[in-house]
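Residue numbers (the working numbering): 4 to 452.
Note that CB positions come from ideal geometry on N, CA and C, so glycine has one too.
Values in this document were obtained by computation on a predicted structure and should not be read as measured data.
Read through the structure below, which is laid out as structure tokens, and then see the notes.
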Amino acid sequence: MNHIVKLLKDYVLSVSKLRRIMAMFEEEMKLGLEAKPSRQSAFYMCNTFVTDCPDGTEEGDILSMDLGNSNFRLLLTRLKPGKKPEFIVKHYELSTEYRRGKPDKLFDYLAVCIEDFVNTNPDIGGKRLPFGMTFSFGYDQTALNVGIIKQFGIDTDLPEAVDKDAVKYLQDAIDRKGLKVDVLSIANDTTATLAYGMSLKPDTYIGFILGSGTNTCYLENVDRIEKIDPLKTFGTKTESVILNLENGFLGDNGSIDFVKTKWDLEVDNDSLFPHNYSFEKLIGGAFIGDLFRRTLLSLAENHVFLGGIITDRLKQKDSIKGPDVSSVESDETDGSVIALLQRLGYSSQQITKDDIEIVRYVCALIGVRNAQLAAATLSPLIQRIDKPMVRIAADGSPYKKHPKLHKLITDFISELIPNRKFELFLAEDGSGKGSAFIAAVAAKQRQKS
């Protein structure tokens, strides 16, 4: 096993390396806030226009939508002051015919689904309903309810929609159906998760997603954002706003190459966008499965794993998925490891106890490094916010399903910033529920004005 430890030593990150990442993260944030930075920041530091946060006084029925690549869901959120929110959720398929071609075809289909959802909840019919939209594609935000589409995911291709407003597309489709629904907001999954977290616990200032990719947002004081003219941007006196970092691009200039293993470089070079989304590729659930596979393949090539036997499946990209890492870590027996190796084409006679221990060790290394990298990016935000208590609302499948990740991240943050009081907590399904709270706050503000 000592030889294995030596071969995999590049996965192990020292505290000094984590502090380098922290310093880098702080520098990129600073550049992203400046009106005239000395160079372009790796972070977008996007203004989400979410300036008023849930405070528990929101009430009424709110519709929201969480739109991704292959499916989407609609939610009805019922808010009553002093009572727990009620959520009704319905999932809808989003087939390829709607994800390619004409944008109106997609948005008209969404409106049909919204009509179906309203009709399946007849007690909400007849009244005008606020609607919040979680849009998991690239867009530029110019107002709370304006999102100019910039790019779609790899499974969606609607070229005519690029540089057009996603909210307008949806509102026009809703209006064509004659529905009494007003789209009041658009947000990404990270912002929505923070908004939902704020409704769950006080002192929640950071939203963190560790899913197929990763991203962070936080509540910033407006007077600390040089690039924003508050009165011109918001039209009124505003104290704070949620900023969406898009920090998955950290290291695209090579600045975090010092934490990459040779297997990280292989994953990057074989990805759809080499040398882009560098930080995301280090910890995102869409990439850690292949990182796991390539590491095991390398060990087999070095004849220290599975007797040097290499199956076609082990050589095949995506034969190991991100959830496999969580499955191995969750199973205290050898069952998950044996099932994984058998799926890769190995017989039970070929699998030794040492092989099982090696698989577990690689999984543990990847999990620990993920937690270290997450901690190194959350710690500077906790310091920047500088409150007596800072809570972090988190969501995403790897975060939820990995049995040790939450504690590992917490432990590493405590090591990096020992004198800070913080809490990392699960804001489950925040990407869907959070948009409802953003729309509810917007509706409340409309009633006041």
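Of the choices the options, whose alpha-carbon is the least far from that of residue i?
i: Leu36; options: Leu246, Lys451 and Thr380; result: Leu246
i: Phe52; options: Gln43, Gln144 and Arg131; result: Gln144
i: Asp226; options: Ser382, Thr54, Pro205 and Phe110; result: Thr54
i: Gly135; options: Ser417, Ala190, Ile385 and Asn422; result: Ala190
i: Gly181; options: Val121, Lys93, Asp321 and Ile212; result: Val121
i: Thr380; options: Ile151, Met68, Gly210 and Tyr14; result: Gly210
i: Asn50; options: Ala378, Gln450, Thr241 and Asp414; result: Thr241
i: Leu82; options: Asp58, Ala195 and Asp160; result: Asp58
i: Gln2; options: Gly311, Pro383, Tyr364 and Ile385; result: For residue 2 there is no data in the structure shown, the boundaries of the chain being 4 and 452.
i: Thr298; options: Lys318, Leu427 and Gly288; result: Lys318
i: Glu426; options: Glu304, His409 and Ile341; result: His409
i: Gln386; options: Val8, Ser17, Ala26 and His6; result: Ala26
According to the neighbour-count rule (16 or more other Cβ atoms, all chains shown, within 10 Å of its Cβ), is residue i buried or exposed?
i: Gln375; result: buried
i: Leu11; result: buried
i: Pro277; result: exposed
i: Asp357; result: exposed
i: Arg296; result: buried
i: Met32; result: buried
i: Pro125; result: exposed
Does the beta carbon of residue i fall short of 7 Å from some heavy atom of the ligand HEM?
i: Val393; result: Only the bare structure without any ligand can be found here, which leaves the ligand HEM out of the picture.
In this structure, does DSSP put residue i in helix, strand or coil?
i: Ser188; result: strand
i: Asp126; result: helix
i: Phe415; result: helix
i: Asn373; result: helix
i: Tyr14; result: helix
i: Gly71; result: coil
i: Thr137; result: strand
i: Thr80; result: strand
i: Asp307; result: Note on identity: in this sequence residue 307 is Val, with Asp being the wrong assignment. Three-state result, Val307: coil.
i: Thr99; result: helix
i: Phe211; result: strand
i: Leu132; result: strand
i: Asp64; result: strand
Segments assigned alpha helix (DSSP H), at least 4 residues, entirely inside the stretch 242-272: For the stretch 242-272, whole alpha helix (DSSP H) runs of length 4 or above, ordered along the chain, are 265-272.
The stretch 264-284 / the stretch 212-221 touching (three or more Cβ pairs under 8 Å): Contact between the stretch 264-284 and the stretch 212-221 is present, because at least three Cβ pairs lie under 8 Å.
Cβ contact check for the stretch 320-336 and the stretch 391-405: 3 or more pairs under 8 Å: In this structure the stretch 320-336 touches the stretch 391-405; the number of beta carbon pairs closer than 8 Å is three or more.
Three or more C-beta pairs below 8 Å linking the stretch 103-123 and the stretch 165-173: Result yes; three or more Cβ-Cβ pairs closer than 8 Å.
Unbroken stretches of the beta strand (DSSP E), 3 residues or longer, contained in the stretch 145-205: Secondary structure in the stretch 145-205: the beta strand (DSSP E) runs of 3 residues or longer, each lying completely within the stretch, are 149-154 and 184-190 in chain order.
Validate contact between the stretch 192-200 and the stretch 387-398 using beta carbons, cut 8 Å, 3 pairs: Yes, the stretch 192-200 touches the stretch 387-398.
The stretch 126-133 contacting the stretch 439-447, beta-carbon criterion three pairs below 8 Å: With a cut-off of 8 Å on Cβ pairs, the stretch 126-133 is in contact with the stretch 439-447, counting three or more such pairs.
Whole alpha helix (DSSP H) elements within the stretch 382-431, 4-residue minimum: Uninterrupted alpha helix (DSSP H) stretches at least 4 residues long and entirely within the stretch 382-431 occur at 400-404 and 408-419, given in chain order.
Contact the stretch 91-99 vs the stretch 64-81: 3+ CB pairs below 8 Å: Yes: at least three Cβ pairs fall under 8 Å.
Three or more C-beta pairs below 8 Å linking the stretch 411-427 and the stretch 382-389: The stretch 411-427 is in contact with the stretch 382-389.
Contiguous alpha helix (DSSP H) assignments of at least 4 residues, all confined to the stretch 286-346: Along the stretch 286-346, the alpha helix (DSSP H) occurs as fully enclosed runs of 4 or more residues at 288-304, 315-318, 325-333 and 338-346, listed in sequence order.
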